[in-house]
Structure formats: C-alpha cells, structure tokens
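First the structure, in the form of structure tokens, and then the observations on it.
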Amino acid sequence: MSPAAPATRPLRRVASGAAIAALALLMSAEAAFPGASEFDARLRAMASERLAALAAEPLLVEAVAAQNAAGKPDQARIDALDAEWRAQVGGAAAPLVEQVSGRPASARLVEIRDASQGLITEVILMDHVGLNVAVSEPTSDYWQGDEEKWSQTYLVGPGAVHVSDVELDESTQTYQSQVSLTVVDAAGAPVGAITFGVNVEYLD
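If you count by mature numbering (1 follows the signal peptide of the UniProt record, and there is no 0), then the sequence shown holds residues -31 to -1, 1 to 173, one letter each, in order.
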C-alpha cells in the first residue's frame, strides 16, 4: 500500500490559485491605468484648450509677478521658508500657510477646482523660483522648485507642458495625473508655473 500523499499539497494548490488570481487582478488594474501615456493625448489637449486659458488669467499672472517683484531668495532662504511651511501645515498656528491660502489668487484656484466637478483635484501656482504663490489647498511643501512640475515648465519656457505619470491617490482612491504649464506675462515672458491635479477617470 502506497503512503498517503502529504497533506500540504492541497494547500499549495489553493495558495497557487490565490496567487494567480491576485496576479491577474493586479495585471488587470495595471492594464486599465498603465500610466500617463494612456491619457497623454487627452491631458495635453486639456492643457492647450482649457488649462492654458486658466493659466493666463490676469489675476493669477499678476499674483506671480507681484511675488517675483519681491526679489529672488537664495537657496538657504528658500529652504528656511520650506521648513517653516512644512512645520505649519495642519497646525493651529500657520501664518505662512494662511497668508498664501488667504490670497485672492488662492480663492480663484478654489473656484476653478470646485467648478470642475471633480475633474480638477488641486491647483498650485508657483513663482520664478518654485515657491507657492497660491494654492487651492495647502500643499505638503512650500517649494516646488526641485520637482518636474516647475523645472519642466518654467525653466523650459513659454508653451511648455509637463504631464506626470498617472498614480493612485491613496486618500481618495482615484487615479490622477499632474498637468503643469508655464505661466507667462503679457509680453510672453515666463514668470512662473501652474499645476493642475487631474482625475483621469473624469476625462471625456
């Protein structure tokens, strides 16, 4: 009489089946939202048709120009301001965050976000060094100059558009991309940058 088969074999089959199912689910999700390339054409069309017009609004351009007129801080000052902002976000006393959030330009960004009915999730307006000028809601940091949203737009020049990878926002469980554009003045010179968070599930 042959020995009984090890009791662990059925468990292995179950585990193997579960692993295959999990992998199939993961591959299905990745196929549905493989990255910004899947939506690149629509996001760039949105940038040129709708977002560029918003970026050119006089209130926003003038807000950037006003902050630029205060001068260009050195990196040490930028780092100090960024640290100050980070320490204030979510705190009871947040004078720097409140100063930026309370500007008319920030109120306009909130209007833009709310009027989009879920398509635009956030808006960030930046100056000539990448510091926040206005925000639809407080960002985690004050300086965006070390990120592509600024370096791939303002530093590139007028007409530049940067589309980030599509990523899952864990807090909202939505797939989003950041679409950034150069902000230019009336003479066509670059003065800053603007970033729009876009929920790709709401794209036409």
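Glycine included, each C-beta is placed from N, C-alpha and C at the ideal position.
(request) Could I get the ranges of all uninterrupted alpha helix (DSSP H) runs contained in the stretch 1 to 73, with 4 residues as the minimum, in chain order? (result) 5 to 15, 21 to 24, 27 to 37, 44 to 57 and 64 to 70
(request) Decide if A61 is buried, meaning its Cβ has at least 16 other Cβ atoms within 10 Å, or exposed. (result) Your numbering for residue 61 matches position 92 in the sequence shown. Result: exposed.
(message) Which of the three DSSP states is assigned to Y144 in this structure?
(response) Taking the sequence shown and counting its residues from 1, the one referred to as residue 144 is at position 175. Correct three-state label for Y144: strand.
(request) Per DSSP, which residues does S75 bridge with? Please list them. (result) Here residue 75 refers to the residue found at position 106 when the sequence shown is read from its first residue. Answer is none; S75 lacks a bridge partner.
(request) Report yes or no: do three or more beta-carbon pairs, one from the stretch 103 to 110 and one from the stretch 122 to 138, lie closer than 8 angstroms? (result) no
(message) Just to confirm before moving on: does the CB-CB distance between A16 and L100 stay below 8 angstroms?
(response) As a first step, residue 16 must be located in the sequence shown, where it is residue number 47. As a first step, residue 100 must be located in the sequence shown, where it is residue number 131. No. Outside cutoff.
(request) Look up E106 in the DSSP assignment and give the residues it is bridged to. (result) Indexing the sequence shown from 1 puts residue 106 at position 137. According to DSSP, which records beta bridges pairwise, E106 is partnered with nothing at all.
(request) May I have the straight-line CA-CA distance separating D96 from A63, to the nearest angstrom? (result) Stepping through the sequence shown from its first residue, residue 96 is reached at position 127. Stepping through the sequence shown from its first residue, residue 63 is reached at position 94. If you take the alpha carbons of D96 and A63, they lie about 21 angstroms apart.
(request) Classify D138 as helix, strand or coil using the three-state DSSP reduction. (result) Position 169 of the sequence shown holds residue 138. It is a strand residue.
(request) Answer with buried or exposed for T164, where buried requires no fewer than 16 other C-beta atoms within 10 angstroms of its C-beta. (result) Residue 164 sits at position 195 when you count from the first residue of the sequence shown. Result: buried.
(message) Taking the straight line between their C-alpha atoms, what separation do you get for N37 and I47?
(response) The count along the sequence shown starts at 1 and reaches residue 37 at position 68. The count along the sequence shown starts at 1 and reaches residue 47 at position 78. Computed Cα separation, rounded: 13 angstroms.
(request) State buried or exposed for L28, treating a residue as buried only when at least 16 other CB atoms are found within 10 Å of its CB. (result) As a working note, residue 28 is residue 59 in the sequence shown. Counting Cβ neighbours within 10 Å, L28 comes out exposed, since fewer than 16 surround it.
(request) State the start and end residues of the unbroken beta strand (DSSP E) segment that holds E117. (result) Along the sequence shown, read from residue 1 onward, the residue named residue 117 stands at position 148. E117 -> not in any beta strand (DSSP E); alpha helix (DSSP H) instead, spanning E117 to S120.
(request) Within its chain, find whatever has a CB closer than 7 angstroms to the CB of V169; leave out the 5 residues flanking it on each side and keep chain order. (result) Start at 1 with the first residue of the sequence shown, and residue 169 comes out as number 200. These residues qualify, in order along the chain: F8, V135, Y144, Q145 and S146.
(request) Could you have a look at V169 and say whether DSSP puts it in helix, strand or coil? (result) Sequence index remark: in the sequence shown, residue 169 carries index 200 (1-based). Helix, per DSSP.
(request) Tell me whether G114 sits in a helix, a strand or coil according to DSSP, three-state version. (result) Mapped onto the sequence shown, residue 114 falls at position 145. Of the three classes helix, strand and coil, the one that applies to G114 here is coil, per DSSP.
(message) DSSP three-state label for A84, please.
(response) Position 115 of the sequence shown, counting from 1, holds the residue named residue 84. A84: helix per DSSP, three-state reduction.
(message) In whole angstroms, give me the CA-to-CA distance for Y123 and G166.
(response) Numbered from 1 along the sequence shown, position 154 holds the residue referred to as residue 123. Numbered from 1 along the sequence shown, position 197 holds the residue referred to as residue 166. Taking the straight line joining both Cα atoms gives about 17 angstroms.
(message) Given a cut-off of 8 angstroms on the beta-carbon distance, is the pair D154 and V30 in contact?
(response) Taking the sequence shown and counting its residues from 1, the one referred to as residue 154 is at position 185. Taking the sequence shown and counting its residues from 1, the one referred to as residue 30 is at position 61. A contact, by the Cβ cut-off of 8 angstroms.
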